[in-house]
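Accompanying notes for the structure given below.
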Amino acid sequence: MIKFSNVSVDYPYSEGLTDVNVEFKDKEFTLVLGPTGSGKSTLLRLIYMDIYPSSGRVDVQKWSSKKITARKIKKLRRNIGIVFQDFRLIENLSVFENVALPLIINGYSRKYIKRKVEAILDEIGLLDSIRQKAGTLSKGEEQRVAIARAVVKNPFVILADEPTGNLDPDSSITVFNLLRKINKLGTAVIMATHDYLLIKDAPNRKILMDNGKILKKQEIEKNA
Amino acid sequence: MIKFSNVSVDYPYSEGLTDVNVEFKDKEFTLVLGPTGSGKSTLLRLIYMDIYPSSGRVDVQKWSSKKITARKIKKLRRNIGIVFQDFRLIENLSVFENVALPLIINGYSRKYIKRKVEAILDEIGLLDSIRQKAGTLSKGEEQRVAIARAVVKNPFVILADEPTGNLDPDSSITVFNLLRKINKLGTAVIMATHDYLLIKDAPNRKILMDNGKILKKQEIEKNA
Amino acid sequence: MRSFYILKQAIYNIWSARIPVIIAIITIGISLSVLVGISEIAYKVYSTVEDIRKEFEIDIFLKPETSSFQREIIERKLNNIHQIKSYKFISKEDAAQIFFEEFGENIFDILTDNPLPSSYKIKLYGEMTHVEIVDNVANRINKINGIDEIKYHNDLLTLMEKYFLIIMIIGGSIIFVLLLAMNIFIRNTIKLSVYSRRRQIFILQLLGSGKIFLKSPFIIEGLFEGLIGGLFAATILYFLHNIANETAIYLFNYNLKNVDYLWSISIAVGGIIGVFASSTSVNKFIRIFAKNDY
Amino acid sequence: MRSFYILKQAIYNIWSARIPVIIAIITIGISLSVLVGISEIAYKVYSTVEDIRKEFEIDIFLKPETSSFQREIIERKLNNIHQIKSYKFISKEDAAQIFFEEFGENIFDILTDNPLPSSYKIKLYGEMTHVEIVDNVANRINKINGIDEIKYHNDLLTLMEKYFLIIMIIGGSIIFVLLLAMNIFIRNTIKLSVYSRRRQIFILQLLGSGKIFLKSPFIIEGLFEGLIGGLFAATILYFLHNIANETAIYLFNYNLKNVDYLWSISIAVGGIIGVFASSTSVNKFIRIFAKNDY
Ligand SMILES: Nc1ncnc2c1ncn2[C@@H]1O[C@H](COP(=O)(O)OP(=O)(O)OP(=O)(O)O)[C@@H](O)[C@H]1O
Ligand SMILES: Nc1ncnc2c1ncn2[C@@H]1O[C@H](COP(=O)(O)OP(=O)(O)OP(=O)(O)O)[C@@H](O)[C@H]1O
Ligand SMILES: [Mg+2]
Ligand SMILES: [Mg+2]
Chain A
98 MIKFSNVSVD YPYSEGLTDV NVEFKDKEFT LVLGPTGSGK STLLRLIYMD IYPSSGRVDV
158 QKWSSKKITA RKIKKLRRNI GIVFQDFRLI ENLSVFENVA LPLIINGYSR KYIKRKVEAI
218 LDEIGLLDSI RQKAGTLSKG EEQRVAIARA VVKNPFVILA DEPTGNLDPD SSITVFNLLR
278 KINKLGTAVI MATHDYLLIK DAPNRKILMD NGKILKKQEI EKNA
Chain B
98 MIKFSNVSVD YPYSEGLTDV NVEFKDKEFT LVLGPTGSGK STLLRLIYMD IYPSSGRVDV
158 QKWSSKKITA RKIKKLRRNI GIVFQDFRLI ENLSVFENVA LPLIINGYSR KYIKRKVEAI
218 LDEIGLLDSI RQKAGTLSKG EEQRVAIARA VVKNPFVILA DEPTGNLDPD SSITVFNLLR
278 KINKLGTAVI MATHDYLLIK DAPNRKILMD NGKILKKQEI EKNA
Chain C
2 MRSFYILKQA IYNIWSARIP VIIAIITIGI SLSVLVGISE IAYKVYSTVE DIRKEFEIDI
62 FLKPETSSFQ REIIERKLNN IHQIKSYKFI SKEDAAQIFF EEFGENIFDI LTDNPLPSSY
122 KIKLYGEMTH VEIVDNVANR INKINGIDEI KYHNDLLTLM EKYFLIIMII GGSIIFVLLL
182 AMNIFIRNTI KLSVYSRRRQ IFILQLLGSG KIFLKSPFII EGLFEGLIGG LFAATILYFL
242 HNIANETAIY LFNYNLKNVD YLWSISIAVG GIIGVFASST SVNKFIRIFA KNDY
Chain D
2 MRSFYILKQA IYNIWSARIP VIIAIITIGI SLSVLVGISE IAYKVYSTVE DIRKEFEIDI
62 FLKPETSSFQ REIIERKLNN IHQIKSYKFI SKEDAAQIFF EEFGENIFDI LTDNPLPSSY
122 KIKLYGEMTH VEIVDNVANR INKINGIDEI KYHNDLLTLM EKYFLIIMII GGSIIFVLLL
182 AMNIFIRNTI KLSVYSRRRQ IFILQLLGSG KIFLKSPFII EGLFEGLIGG LFAATILYFL
242 HNIANETAIY LFNYNLKNVD YLWSISIAVG GIIGVFASST SVNKFIRIFA KNDY
């Protein structure tokens with residue numbers, strides 16, 4: 098379970114987050130919506146403890162932002178799958194190596210890694226590019242590799258920051274369906290997105306952000 | 098005028114481009130569509146001579162890929178506005194400096210630069226962040242800065258590679274309208290995009306790519 | 002798989018940055034050769050001086066008529082001088098024997114009587130071999146009855162005292178500066194090599210990789226650079242030693258001792274410094290990166 | 002605006018990479034001080050030797066009864082020896098005068114007759130002052146009638162010839178190695194500093210910026226590092242020179258000459274090397290970046 102309690106993040110030029118209270122339950126699929134600069138990425142970064150709240154606290158499973166140590170952040174991150182908004186692939190490694198990295202870090206066997214990575218690349222349609230260097234991929238391919246890297250390690254939660262921004266509608270649906278499938282198998286998903294067309298009819302929980310705040314149900318209806 | 102004549106680009110793991118013939122007229126607004134990995138960015142990179150064709154030739158105004166020199170590439174690029182798919186801002190410079198760079202390179206006066214940059218940032222809604230370091234922006238803000246940087250120098254053509262991938266629908270429309278407005282003033286625009294919702298009703302010329310080829314009218318209709 | 006990846010990554014790092022790596026190796030090699038070379042020279046000077054000190058002796062020649070009773074008194078008095086470490090009696094006959102061995106002539110062939118006096122060879126404690134102390138001891142010995150003459154090479158001591166300290170200070174400060182400089186050079190090279198891969202380190206941290214996983218490729222790289230740099234230094238030293246040796250033979254007809262152990266010293270020092278410099282610089286950067294979002 | 006941006010960018014670069022910049026400055030400073038110091042010593046040795054050579058003279062003392070006619074013959078013969086650059090006749094009276102000036106005693110006060118012989122002071126061409134040539138010349142002079150005695154310091158020449166070459170070779174190779182090493186160190190530092198900003202360079206190229214615009218901030222940075230490094234070197238040299246001077250005064254009671262010009266030399270060399278190293282390394286990288294998509 099992930100819980101934000103009165104979380105604020107101060108940024109020098111903009112709102113950041115202001116007094117956010119929100120909970121993400123285990124196995125839940127949550128969509129985070131909101132205009133650019135509304136604080137979606139900030140929200141996600143707080144979960145993997147890339148930044149700390151200026152006030153308030155973030156609890157992720159047994160870890161709390163109040164008293165986490167570098168050693169524990171390491172453990173936390175091994176249990177979270179992250180699709181960064183800018184992908185953050187290692188350009189001079191191959192697609193295979195990029196996707197295998199979290200498994201290598203977690204210390205899996207070679208055989209297991211090979212099987213697992215090939216399976217996920219197949220599913221996401223990149224098996225042909227398995228030996229290609231990540232630095233030479235098209236943006237959409239990069240994005241899919243980033244997604245594969247996030248889901249390959251069976252995390253308890255996947256944070257997907259705009260995972261379809263560089264994908265054509267067909268690929269977007271593939272990715273969205275993949276995330277939903279993984280979610281059905283018991284992994285929580287928190288996905289920030291602008292792709293209203295993609296999620297229009299999705300039955301999942303939706304959170305709407307604006308200006309560093311999470312809008313309440315009634316506010317959303319008023320805005321709509 | 099930009100003209101591709103029998104252009105092919107060979108890549109080790111994928112199609113690249115195969116025998117592309119296409120023309121972009123001055124002052125024309127062209128939308129380049131196609132699934133991820135179909136060669137849209139490759140097409141654009143050929144125009145600003147970031148890569149050269151493996152065979153065939155690309156002519157951009159008076160410059161030809163066959164015999165261009167490093168010195169002339171410099172001149173060519175000063176006359177093209179590029180929105181890179183991954184933005185390519187300089188992280189440790191401020192928003193102002195990033196947008197001002199092309200004008201500084203082109204040798205404009207300080208006063209002119211200030212006026213021009215502030216005007217474009219205002220239009221795109223980022224005047225508040227003018228002193229913020231580009232590295233701390235949200236992705237959508239980064240994307241808008243990249244767009245501002247491309248349009249600020251009054252180029253003869255703007256190449257916009259997926260310029261709305263990280264923008265919410267409202268901002269996307271703002272950007273699209275901005276590009277159309279600039280186009281009306283006489284600048285050609287070539288925009289690669291996946292955002293079918295955004296361009297659905299646009300009256301502009303559309304090019305559809307797949308697997309390194311430009312599909313012909315009849316093929317499109319067949320596919321649809 | 003983890004160690005496989007680490008090794009592969011290290012090899013890849015080294016290969017993809019071959020030019021900086023070669024530069025680092027040359028840097029390490031040159032610095033190390035100068036460092037080890039100067040240390041070696043300083044050590045040679047030091048040990049020569051210590052040898053001279055250790056073999057410093059005061060010779061006391063007894064008057065010809067000294068009886069064995071008087072000798073006992075003399076020895077008791079020598080025992081009372083606490084700067085004296087040991088003394089050895091050399092009888093007239095011993096002296097003749099030594100003379101014979103050194104000059105190859107039997108003294109008795111020329112003279113009917115043995116003209117050599119009996120004597121004591123006195124050794125002082127190492128730390129007592131300073132001009133003033135020695136003079137002082139000599140004075141006290143001189144007051145003993147039955148002593149004819151005292152001989153010692155105070156001029157050599159004076160010389161040593163005058164120059165030794167200066168040489169040691171200069172040599173020491175050169176070594177110190179070089180140690181500092183080399184440390185800076187190596188750390189500089191490795192730091193900037195780490196720095197240029199900061200994005201990768203940062204991403205690995207976001208994926209939850211531990212310090213060992215992050216640091217190992219760089220430490221292997223540092224070890225590699227240090228070892229090869231050490232080998233390079235040893236090669237340079239080998240040639241320098243050969244030149245020095247031939248010069249010495251030419252000038253003084255003196256053959257320098259074998260210095261094969263410099264090979265192992267250079268390589269070992271190189272390896273240690275490589276690992277040390279790389280691990281500390283990576284540490285520092287990891288901490289810095291952790292604070293910024295690259 | 003362009004130059005303003007370039008300057009701002011240079012200052013920003015230096016500031017944002019202060020640690021590597023400081024390291025580079027220290028590197029440059031130390032290398033430069035060693036380099037300039039050793040060059041200075043080598044030059045001193047060389048110029049001393051040259052001075053000795055230049056002032057090398059052969060004195061020929063004439064027999065007392067030599068007539069001016071005989072002198073003419075002697076001079077004609079001297080003219081025929083092509084190694085001789087010049088000669089100067091010193092009459093008995095001149096010799097007495099020189100004696101008086103050097104010893105402060107009038108030779109006529111002691112002796113009624115001037116006992117000093119008249120003589121020639123002969124200078125050879127610089128390149129002829131070698132033991133064998135000098136001996137050869139002396140031999141030829143000796144055959145001339147009317148010459149009593151030839152005097153020259155061949156022992157000094159022998160000494161010089163024995164050691165000078167060795168010293169010059171050793172000094173020269175140290176300077177060479179250091180020049181090489183320093184060049185590598187500086188280029189290394191600047192290269193890696195450029196390398197770590199390769200993304201920025203690449204982006205600027207995509208925006209159509211020219212070489213001058215790309216390179217200037219780095220060249221300014223190199224110049225800055227070189228100048229400050231040179232200043233640092235000059236400071237080190239200043240202290241070393243002071244120490245050397247005091248040592249020289251203490252040991253030989255000899256006051257070394259002023260070396261204030263080392264300040265300007267160090268700084269100038271530092272600046273030149275900084276600009277040179279940075280511009281060439283940036284060039285190289287720009288070409289490399291242009292080929293890859295970073
Ligand atoms: N490190 C930072 N320093 C200063 N301001 C920051 C920093 N990070 C984010 N911000 C600001 O905080 C606001 C929210 O940023 P955030 O990245 O969370 O937005 P977002 O909702 O993810 O937007 P987008 O949809 O564009 O990705 C933005 O206005 C951004 O400029
Ligand atoms: N430098 C390269 N080396 C090898 N393959 C490359 C290189 N650049 C691009 N490719 C491959 O060429 C194909 C087309 O790439 P391109 O970037 O043009 O696609 P795109 O249409 O822009 O896709 P996207 O919508 O994902 O941005 C991709 O399959 C990509 O992997
Ligand atoms: Mg975001
Ligand atoms: Mg693309």
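Read top to bottom, the protein sequences are chains A, B, C and D.
Position one of the first sequence corresponds to residue 98 (the numbering used here), numbered consecutively onward.
Position one of the second sequence corresponds to residue 98 (the numbering used here), numbered consecutively onward.
Position one of the third sequence corresponds to residue 2 (the numbering used here), numbered consecutively onward.
Position one of the fourth sequence corresponds to residue 2 (the numbering used here), numbered consecutively onward.
Cβ coordinates follow ideal geometry from the N, Cα and C atoms, glycine included.
{"Asked": "Inter-stretch contact (C-beta, 8 Å, three-pair minimum) for the segment 89-102 of chain C and the segment 140-149 of chain C", "Found": "no"}
{"Asked": "Minimum C-alpha distance to C:R200 - residue among A:A197, A:D183, A:V249, A:I217", "Found": "A:D183"}
{"Asked": "Neighbour-count burial assignment, B:N263, 16 or more Cβ in a 10 Å radius", "Found": "buried"}
{"Asked": "Contact test: A:M224 Cβ vs ligand 2 heavy atom, cutoff 7 Å", "Found": "Here residue 224 of chain A turns out to be Leu, not Met, going by the sequence shown. Incorrect: A:L224 has no Cβ contact closer than 7 Å to ligand 2."}
{"Asked": "Check whether A:L173 and A:V157 have beta carbons under 8 Å apart", "Found": "yes"}
{"Asked": "Selected residue, minimal CA-CA separation from A:V180, among A:F121, A:K297, A:R246, A:G309", "Found": "A:R246"}
{"Asked": "A:G237 CB to nearest heavy atom of ligand 2 below 7 Å", "Found": "yes"}
{"Asked": "Cβ neighbours of C:I250 in the same chain (closer than 8 Å, five flanking residues each side left out)", "Found": "N256"}
{"Asked": "Anticipated Cβ contact below 8 Å, A:V248 with A:G178, distance rounded", "Found": "6 Å"}
{"Asked": "Contacts that D:Y13 makes with chain C (C-beta to C-beta distance below 9 Å)", "Found": "The contacting residues do not exist; D:Y13 stays about 16 Å from chain C at best."}
{"Asked": "Inter-stretch contact (C-beta, 8 Å, three-pair minimum) for the segment 109-129 of chain B and the segment 282-297 of chain B", "Found": "yes"}
{"Asked": "Beta carbon proximity, A:S105 to chain B, threshold 8 Å", "Found": "no"}
{"Asked": "Buried or exposed by the 16-neighbour rule on C-beta atoms within 10 Å, applied to B:V106", "Found": "buried"}
{"Asked": "Proximity to D:D149 [Cα-Cα], best of D:K55, D:K64, D:W16, D:N246", "Found": "D:K64"}
{"Asked": "Within-8 Å CB hit, C:S1 to chain D", "Found": "With chain C represented from 2 up to 295, any question about residue 1 of chain C goes unanswered, as that position is not in the structure."}
{"Asked": "Cβ separation of C:G275 and C:G223, assumed to be a contact under 8 Å, to the nearest whole Å", "Found": "4 Å"}
{"Asked": "Every unbroken beta strand (DSSP E) inside the segment 148-193 of chain B [3 residues or more]", "Found": "152-157, 177-180"}
{"Asked": "Beta-carbon gap between B:Y108 and A:D225 smaller than 8 Å", "Found": "no"}
{"Asked": "Residues within the segment 201-221 of chain C neighbouring chain A, beta-carbon criterion of under 9 Å", "Found": "Q201, F203, I204, L205, Q206, L207, L208, G209, S210, G211, K212, F214"}
{"Asked": "Exposed unless 16 or more other CB atoms sit within 10 angstroms - verdict on D:D136", "Found": "exposed"}
{"Asked": "Where C:M129 sits in the DSSP three-state scheme", "Found": "helix"}
{"Asked": "Candidates D:R3, D:T236, D:K122, of which the one nearest D:M32 by Cα", "Found": "Here residue 32 of chain D is Ser; the residue named in the question, Met, does not match the sequence. Checked all of D:R3, D:T236, D:K122; the closest Cα to D:S32 is D:T236."}
{"Asked": "Entirely enclosed beta strand (DSSP E) segments - the segment 15-64 of chain C, minimum 3 residues", "Found": "58-63"}
{"Asked": "Within-8 Å CB hit, D:Y196 to chain C", "Found": "yes"}
{"Asked": "heavy atom of ligand 3 below 7 Å from B:S269 C-beta", "Found": "no"}
{"Asked": "Contact test: A:S152 Cβ vs ligand 2 heavy atom, cutoff 7 Å", "Found": "no"}
{"Asked": "Cβ neighbours of B:K163 in the same chain (closer than 6 Å, five flanking residues each side left out)", "Found": "R154"}
{"Asked": "Chain-ordered neighbours of B:T271 on chain A, where CB pairs are closer than 8 Å", "Found": "Going along chain A, no residue has its Cβ under 8 Å from B:T271, so there is no contact; the nearest lies around 11 Å."}
{"Asked": "B:K236 at chain A interface by Cβ criterion, 8 Å", "Found": "yes"}
{"Asked": "Contact with chain B by D:R19, beta-carbon distance below 8 Å", "Found": "no"}
{"Asked": "C-beta atoms of B:I221 and B:R241 nearer than 8 Å", "Found": "yes"}
{"Asked": "8 Å Cβ cutoff, B:L198 in contact with chain D", "Found": "yes"}
{"Asked": "Nearest residue (CA-CA) to A:V196, options A:I165, A:E239, A:A167", "Found": "A:E239"}
{"Asked": "Under 8 Å between C-beta atoms of C:S40 and C:I176", "Found": "yes"}
{"Asked": "Close-in-space but distant-in-sequence residues of the same chain around D:D294 (CB under 7 Å, 5 per side omitted)", "Found": "Legend: pLDDT at D:D294 = 37, less than 50; position of this residue unreliable, no value from coordinates given."}
{"Asked": "Boundaries (first-last residue) of the beta strand (DSSP E) holding B:L112", "Found": "It is Glu, not Leu, that sits at residue 112 of chain B in the sequence shown. Per DSSP, B:E112 belongs to no beta strand (DSSP E) and is neither H nor E."}
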